[in-house]
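K.L.:
Got a structure here, written out as structure tokens. Questions coming.
Numbering (this note's numbering), first residue to last: 3 to 109.
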């Protein structure tokens, strides 16, 4: 019984560490997506892009379903669409580096 409990606890610890690292990677993935797919079209680096709004404002934009249209607007219409699969990572990126976050991306 002790071996089963120990194994279960080790598995739980391993899963929690894996989940934490996977969540932390989303902002980094979003930063890479922005740099590779949108930075040139938007004409600004990631710091300026993310600083367009505060964290609360970015949350409201996402909740209202306006994230893609706001990105297009910020980029001056130079992009036509944002693939749906990139929106969660891009949101994590702009939320992490919003103008009130105190964080500065390396881009």
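By construction, the Cβ of each residue, glycine as well, lies at the ideal position given by its N, Cα and C atoms. Quick caveat: nothing in here was measured; it's all calculated off a predicted structure.
Answer yes if the segment 84–103 comes into contact with the segment 32–40, meaning at least three C-beta pairs across the two stretches below 8 Å, and no otherwise.
P.N.:
Short answer: they touch.
K.L.:
Measuring alpha carbon to alpha carbon, tell me which of 80, 97 and 40 ends up nearest residue 62.
P.N.:
Start at 1 with the first residue of the chain shown, and residue 62 comes out as number 60. For the residues 80, 97 and 40, the minimum Cα distance to residue 62 belongs to 97.
K.L.:
Where does residue 52 land, buried or exposed, given buried means 16+ other C-beta within 10 angstroms?
P.N.:
Start at 1 with the first residue of the chain shown, and residue 52 comes out as number 50. Flag for residue 52 reads buried.
K.L.:
If we ignore side chains and look at the alpha-carbon of each, how far apart do residue 84 and residue 102 end up?
P.N.:
One-based indexing of the chain shown puts residue 84 at position 82. One-based indexing of the chain shown puts residue 102 at position 100. Going from the Cα of residue 84 to the Cα of residue 102 covers about 24 Å.
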